[in-house]
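To convert, note that position 34 of the sequence shown is 175 in my numbering; the numbers rise steadily by one, no gaps.
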Amino acid sequence: EVFDHASFTGRSGTMYRYEGIGSIYWHMVSKLLFAIQERFDTAAAAGADTSTLDGLADRYRRVREGLGYAKTVAEQGT
Numbered sequence: 142e143v144f145d146h147a148s149f150t151g152r153s154g155t156m157y158r159y160e161g162i163g164s165i166y167w168h169m170v171s172k173l174l175f176a177i178q179e180r181f182d183t184a185a186a187a188g189a190d191t192s193t194l195d196g197l198a199d200r201y202r203r204v205r206e207g208l209g210y211a212k213t214v215a216e217q218g219t
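Okay, structure coming up:
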C-alpha cells in the first residue's frame, strides 16, 4: 500500500519510452561481446595456439566496434 508494488516497473517512465529494439540490440550485442571475452580467457588459460587467440581477439574487436559509442553520427545513419 505504501509503495504500490503492483504498479512499479523498475524503470522511470521517461526512460521506458525510449527503450525498444535498439536497447534490446545493444543488450544482446553486449552479451555476445562478453561471451567472446570469456572464450578468449578460457582459451588463453588452456594454452590455445596463437591463431585461435588472434581469431577470438579479432571477433571481439569487430563486435565492439559495432556498438554505438564507437560510431560517428554519420556511421549510425541518424
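From the three backbone atoms N, C-alpha and C, an ideal C-beta is built for every residue, glycine too.
What number of angstroms, rounded off, separates the C-alpha of residue i from the C-alpha of residue j?
i      : j      : result
Asp199 : Leu208 : 15 angstroms
Thr213 : Arg203 : 16 angstroms
Met169 : Ser192 : 26 angstroms
Ala187 : Ile165 : 33 angstroms
Name the residue from the options whose alpha carbon lies nearest to the alpha carbon of residue i.
i      : options                           : result
Lys172 : Tyr201, Asp190, Gln217 and Val214 : Tyr201
Within 10 angstroms of its Cβ, does residue i collect 16 or more other Cβ (buried), or is it exposed?
i      : result
Ile177 : buried
Among the residues of its own chain, which have a CB less than 6 angstroms from the CB of residue i, if the five just before and after it don't count?
i      : result
Asp195 : none
At which residues does the alpha helix (DSSP H) containing residue i begin and terminate?
i      : result
Thr213 : It is not in any alpha helix (DSSP H) - Thr213 carries neither H nor E in the DSSP assignment.
Gly196 : Thr191 to Glu206
Contact criterion: CB-CB distance below 7 angstroms. Does residue i meet it with respect to chain C?
i      : result
Ala185 : No chain C appears in the structure shown, which is made up of a single protein chain.
Within the same chain, show all residues whose beta-carbon is closer than 8 angstroms to that of residue i, passing over the 5 residues directly before and after it, in chain order.
i      : result
Arg180 : Leu197
Ala215 : none
May I ask whether a heavy atom of the ligand NAD can be found less than 6 angstroms away from the beta carbon of residue i?
i      : result
Arg180 : Within the structure as shown, the ligand NAD is missing, as the structure has no ligands at all.
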